[in-house]
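Enquirer: So that we are looking at the same thing, I have put the structure below in structure tokens.
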Ligand SMILES: [Mg+2]
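Numbering (full-length UniProt numbering), first residue to last: 1 to 304.
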């Protein structure tokens, strides 16, 4: 009699679990920088310094103009790199990435065993979506000890696959000695543009595909075969979260407990991921809270 009851509970649990799986989420989509590790690691500040150094040393931009340019390009185009390309600077993408990321203090990133086991315990697809290049993503994930937690990484190269071959055809693709500067007459004056409020509609377009553009997010979802309605998207950037919301993703703003427009949840730290997935977790934990005879059966379902 007891065994029949236990089987019934097992079936009930299985139904609940499958329901949670089919009706809520089947994928978790994560930004990398300042999302899977905290802003306090200092990588973001160093990255910004390196970008400014690149603009001064490689693109020969006047020091006094750099901070304003940086801010405007980032705000307008998603990344400073996308903005620099839009306004007419020509440079090698790999060279830019290795300059900007190559000297980052990766030693500040520590292994995250708790986060690792948390992620591995979740029976959902897990995908990284970063504007950074694949070398940076691999280095950072490896330092965090999370390199085996994700089925794939959508990086700069994933969304911008043609740039490498286009540039290498007629330029010094691997060379670093030649100047990468484009004559200043061809450069669009973005600071001047924004000092004239009437001229906003004539901004040049960027060839780079990156967050927070909705097109970039949609392309990423398509490439990774992700259904936004069944996906939870984690990012520390409010504008990325808002774009994510517009394309139908469930959204979690990371790095603050203050929920803002477009964010379904807000988490001070990614370690609190359980808060965002509470419904799913409750379903997992329910059978352990009721009288239940076969814990082994639960574990089988959870890890399946
Ligand atoms: Mg980020």
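C-beta atoms are modelled at their ideal positions from N, C-alpha and C, and glycine is treated no differently.
Suppose contacts are defined by Cβ-Cβ distances below 7 Å. Is residue 51 in contact with residue 188 by that definition?
Expert: Sequence index remark: in the chain shown, residue 51 carries index 51 (1-based). Sequence index remark: in the chain shown, residue 188 carries index 188 (1-based). Annotated as distal: residue 51 and residue 188, with beta-carbon spacing of 7 Å or more.
Enquirer: Output the distance between the C-alpha atoms of residue 27 and residue 202, rounded to the nearest integer angstrom.
Expert: As a first step, residue 27 must be located in the chain shown, where it is residue number 27. As a first step, residue 202 must be located in the chain shown, where it is residue number 202. The straight-line gap from Cα to Cα measures roughly 39 Å.
Enquirer: If you draw a straight line from the alpha carbon of residue 216 to that of residue 80, how long is it in whole angstroms?
Expert: In the chain shown, the residue the question calls residue 216 occupies position 216. In the chain shown, the residue the question calls residue 80 occupies position 80. One C-alpha to the other measures close to 16 Å.
Enquirer: Just to confirm my understanding: we take residue 205, look at its own chain, exclude 5 residues before and 5 after, and list those with CB closer than 8 Å. What are they?
Expert: By 1-based counting over the chain shown, the position of residue 205 is 205. If we look at residue 205 and ignore the five residues flanking it on each side, its Cβ neighbours are 86.
Enquirer: Check each candidate in 139, 90, 55, 123 and name the one with the smallest Cα separation from residue 107.
Expert: The count along the chain shown starts at 1 and reaches residue 107 at position 107. Nearest option by C-alpha distance: 139.
Enquirer: Excluding the five sequence neighbours on either side, which residues of its own chain have a C-beta within less than 7 Å of the C-beta of residue 143, listed in chain order?
Expert: By one-based count along the chain shown, residue 143 stands at place 143. A distance below 7 Å between beta-carbons, with the five flanking residues on each side excluded, links residue 143 to the following residues of its chain, in chain order: 106, 109.
Enquirer: Keeping to the same chain, check which residues put their C-beta closer than 6 Å to that of residue 111; ignore five residues upstream and five downstream.
Expert: Within the chain shown, the letter at position 111 stands for residue 111. Hits under 6 Å: 145.
Enquirer: Tell me, please, whether the region 57 to 74 touches the region 33 to 40 by the rule of three or more beta-carbon pairs shorter than 8 Å.
Expert: Too few Cβ pairs lie closer than 8 Å, so no.
Enquirer: If we ignore side chains and look at the alpha-carbon of each, how far apart do residue 272 and residue 208 end up?
Expert: As a working mapping, residue 272 is identified with position 272 in the chain shown. As a working mapping, residue 208 is identified with position 208 in the chain shown. Roughly 33 Å separates the two Cα atoms.
Enquirer: If you follow the alpha helix (DSSP H) that residue 101 is in, where does it begin and where does it stop?
Expert: If you number the chain shown from 1, residue 101 lands on position 101. Counting along the chain, the alpha helix (DSSP H) containing residue 101 begins and ends at 93 to 102.
Enquirer: Hey, which unbroken runs of the beta strand (DSSP E) at 3 residues or more fall wholly within the region 44 to 114?
Expert: Counting only runs of at least 3 residues, the region 44 to 114 fully encloses no beta strand (DSSP E) element at all.
Enquirer: Run through the DSSP bridge pairs and tell me what residue 125 is partnered with.
Expert: Translated into positions along the chain shown, residue 125 becomes position 125. Bridge partners of residue 125 according to DSSP: 27.
Enquirer: Please report the distance separating the alpha-carbon of residue 237 from that of residue 253.
Expert: Your numbering for residue 237 matches position 237 in the chain shown. Your numbering for residue 253 matches position 253 in the chain shown. Taking the straight line from one Cα to the other gives about 7 Å.
Enquirer: Taking the straight line between their C-alpha atoms, what separation do you get for residue 245 and residue 214?
Expert: In the chain shown, counting from the first residue as 1, residue 245 sits at position 245. In the chain shown, counting from the first residue as 1, residue 214 sits at position 214. Distance between the alpha carbons of residue 245 and residue 214: 10 Å.
Enquirer: How many Å lie between residue 134 and residue 67 at the Cα?
Expert: Looking up residue 134 in the chain shown gives position 134. Looking up residue 67 in the chain shown gives position 67. Each residue's alpha carbon lies about 27 Å from the other.
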